[in-house]
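The opening position of the sequence shown corresponds to residue 14 in my numbering, with each subsequent residue numbered one higher.
Yeah, the Cβ is synthetic: ideal placement off N, Cα and C, and Gly gets one too.
This one's a predicted model, so the numbers in the text were calculated from it and none came from an experiment.
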Amino acid sequence: MFKEFFIFQDYFNYIIEGVVGYGLKVTIAIALWYFLKLIVNKMGKILFKTLEKSRLEEKLEVTVFNFLKSFFKILTDFVIILIILPYLGVPITSIIAVFGSLGIAIGLAAQGILSNFVSGFIVLNSNF
14 MFKEFFIFQD YFNYIIEGVV GYGLKVTIAI ALWYFLKLIV NKMGKILFKT LEKSRLEEKL
74 EVTVFNFLKS FFKILTDFVI ILIILPYLGV PITSIIAVFG SLGIAIGLAA QGILSNFVSG
134 FIVLNSNF
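The structure is reproduced here in C-alpha cells:
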C-alpha cells in the first residue's frame with residue numbers, strides 16, 4: 014500500500030515541478046513580450062515621427078505611409094515571436110525554413126501582380 018502512495022507522490026511531484034517550471038518560463042516569456050513591445054513601440058514612434066516629417070516635405074501619399082506603418086508593426090511582432098519561441102523550447106529553424114520557402118513560392122507565383130504592385134508603389138512615391 015505504501016509503495017503505491019510513494020509512486021503517486023513521485024508522479025505528483027514530477028507534475029508539479031513541470032507545471033511550475035514551464036509556468037515560470039511562460040511568465041518570463043510574457044514579460045519579455047511586453048518589454049520588447051515597449052521598446053519597439055518607442056522606436057516606432059520615433060521612426061514614424063521622422064517619416065511623417067519627410068512625408069509632409071516630400072508629399073508622400075498617406076496610403077504609402079500607412080502601408081509602411083502596418084508592415085513595420087507586423088514585421089516587429091513576427092520578430093518578437095521568433096525571439097520568444099526558442100525560450101519556450103520551440104525550434105524555430107523549421108519555422109523560418111517554411112516561411113522562406115513560402116515567400117519564394119508566393120513570389121514566383123505572383124511575379125506579375127508583384128511587379129504591378131511595386132510599379133504602383135513607385136508611381137505613388139514619385140513627384141511629378
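Collapsed DSSP secondary structure at residue i in the structure displayed
| i | result |
| --- | --- |
| Val-103 | coil |
| Ser-139 | coil |
| Ala-123 | coil |
| Glu-30 | helix |
| Glu-65 | helix |
Residues near residue i by beta carbon distance below 6 Å, same chain, minus five either side
| i | result |
| --- | --- |
| Gly-120 | none |
8 Å Cβ cutoff met for residue i and residue j
| i | j | result |
| --- | --- | --- |
| Leu-60 | Ile-93 | no |
| Arg-68 | Phe-78 | yes |
| Leu-137 | Thr-76 | yes |
| Leu-64 | Leu-88 | no |
Neighbourhood of residue i by C-beta, 8 Å cutoff - its chain only, sequence neighbours within 5 removed
| i | result |
| --- | --- |
| Ile-41 | Tyr-100 |
| Leu-95 | Ile-105, Ile-108 and Ile-109 |
| Val-53 | Thr-89 and Ile-93 |
### Query
Looking at C-beta atoms only, is the number of pairs between the stretch 41-48 and the stretch 98-115 that lie closer than 8 Å three or more?
yes
### Query
Pairing CB atoms from the stretch 51-58 with CB atoms from the stretch 112-119, are three or more of them under 8 Å?
no
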